[in-house]
Amino acid sequence: MSSAHPPSSTDASPAAAPGGANSAHTAVRTHHRILLTGAAGGLGRVLRQRLGGNCAVLRVSDRAELGAAQAGEEIVLADLGDATAVHAMVEGVDAIVHLGGISVESPWAAVLQGNIVGAYNLYEAARKHGVKRVVFASSNHVTGFYRQSETIDAAAPARPDGLYGLSKAFGEDLSRLYFDRYGIETACVRIGSSFPEPKDRRMLATWLSYEDLHRVVVACLSTPVLGHTIVFATSNNSVSWWDNRLARHVGFVPQDSSDVFREAVYARTAAPDLNDPTAIYQGGAFVRQGPFE
Ligand SMILES: NC(=O)c1ccc[n+]([C@@H]2O[C@H](COP(=O)([O-])OP(=O)(O)OC[C@H]3O[C@@H](n4cnc5c(N)ncnc54)[C@H](O)[C@@H]3O)[C@@H](O)[C@H]2O)c1
33 MSSAHPPSST
43 DASPAAAPGG
53 ANSAHTAVRT
63 HHRILLTGAA
73 GGLGRVLRQR
83 LGGNCAVLRV
93 SDRAELGAAQ
103 AGEEIVLADL
113 GDATAVHAMV
123 EGVDAIVHLG
133 GISVESPWAA
143 VLQGNIVGAY
153 NLYEAARKHG
163 VKRVVFASSN
173 HVTGFYRQSE
183 TIDAAAPARP
193 DGLYGLSKAF
203 GEDLSRLYFD
213 RYGIETACVR
223 IGSSFPEPKD
233 RRMLATWLSY
243 EDLHRVVVAC
253 LSTPVLGHTI
263 VFATSNNSVS
273 WWDNRLARHV
283 GFVPQDSSDV
293 FREAVYARTA
303 APDLNDPTAI
313 YQGGAFVRQG
323 PFE
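What the sequence shown shows, in our numbering, is residues 33 to 325, in sequence order.
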């Protein structure tokens, strides 16, 4: 059976790709009205400052206080677990950057509500209101039980390192379903560690600068044909566990690198115990967090 839908990460043709050069993308207006969920969070605040330049109207949402609307902004408070509120949040937008939800290993009830019920509510609202593109903040913890000695690509099966990673794997599968059935394109952006600078030796491999975070989001919003694509999001670090060849059509070209912090990170951190699971597995400390009861 042929499909009218654009390709997925496993069938997209790199030959049809627009190519890299995405430093210019960050100034590109990709959509009229973009919804940014989780806008009160760490990365939400980073993108709230930057995404306004990529749309006419930035609708920011969270369950937490968002302060006053800035120029070009709309504020919609919503709990992702509340389907009615989520539908109101999504109505009228052209694209969604979905950062909202539980962002660390947490008790099941919170993960269930924020990341599983919340993701379902968001995709149902996207379907109902005709939104055709989502950038979903997934996580490296979807594959946290691969070893740091391995390099994986987007075709590697999920190996979540906890309930949080499992919920992101659910979000990835959910978005795949909504692509295959309804043609809603999604980039599952497996964010490494996005902070001002790498905090430890693991983050020398996983670090994503804030500017590269913006670059990857804009690349996913602006690439003509996204399909359903898993994108590993790190800066251009010399050490890497992830191969992005199946996301080449997105055209994300990171411009920063953790390498400039390497010496300082080594100077202030002890060598890891190589028998410690947190040094063996890609998920790092997450592989040992929980259970919580
Ligand atoms: N920071 C990183 O390095 C990193 C790494 C991998 C993935 N991610 C993902 O990126 C996204 C943003 O990360 P962050 O570091 O900014 O996290 P954060 O915890 O700082 O922000 C998450 C935001 O989501 C909101 N939220 C939580 N539950 C909600 C609910 N039920 N309804 C509405 N809003 C809710 C919170 O109020 C918060 O403002 C998350 O989805 C996270 O899983 C981040």
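Beta carbons: idealized from backbone N, C-alpha and C, even for Gly.
- Between Val60 and Ser267, the CB-CB gap reaches or exceeds 9 angstroms.
- Nearest neighbour of Gly215 by Cα position, chosen from Val163, Ala88 and Asn86, turns out to be Val163.
- Within the segment 75-141, the runs of alpha helix (DSSP H) that reach at least 4 residues and sit entirely inside it are, in chain order, 115-122.
- By alpha-carbon distance to Pro309, the top candidate from Ile262, Ser241 and Arg234 is Arg234.
- Counting the other Cβ atoms within 10 Å of the Cβ of Phe264 gives 16 or more, which makes it buried.
- Residue state for Asp185 is assigned as strand, using DSSP reduced to three classes.
- Within the same chain, and ignoring the five residues on either side of Arg277 in sequence, the residues whose Cβ sits closer than 7 angstroms to its Cβ are Asp185.
- In the three-state reduction of the DSSP assignment, Thr301 falls in the coil class, being assigned neither a helical nor a strand state.
- Secondary structure in the segment 182-259: the beta strand (DSSP E) runs of 3 residues or longer, each lying completely within the stretch, are 217-223 in chain order.
- When the alpha-carbon of Asp244 is set against those of Asp232, Pro256, Leu258 and Pro228, the nearest one is in Pro228.
- With a cut-off of 8 angstroms on Cβ pairs, the segment 62-74 is in contact with the segment 85-96, counting three or more such pairs.
- Taken through DSSP and simplified to helix, strand or coil, Val263 comes out as strand.
- The Cβ atoms of Gly146 and Gly197 lie no closer than 9 angstroms to each other.
- Annotated as distal: Gly176 and Gly322, with beta-carbon spacing of 9 angstroms or more.
- Secondary structure of Asp308 (DSSP, three-state): coil.
- Check the Cα spacing between Trp273 and each of Gly150, His173 and Ser135: the tightest is with His173.
- With contacts defined as CB atoms closer than 9 angstroms, Val129 and Ala157 fail to qualify as a contacting pair.
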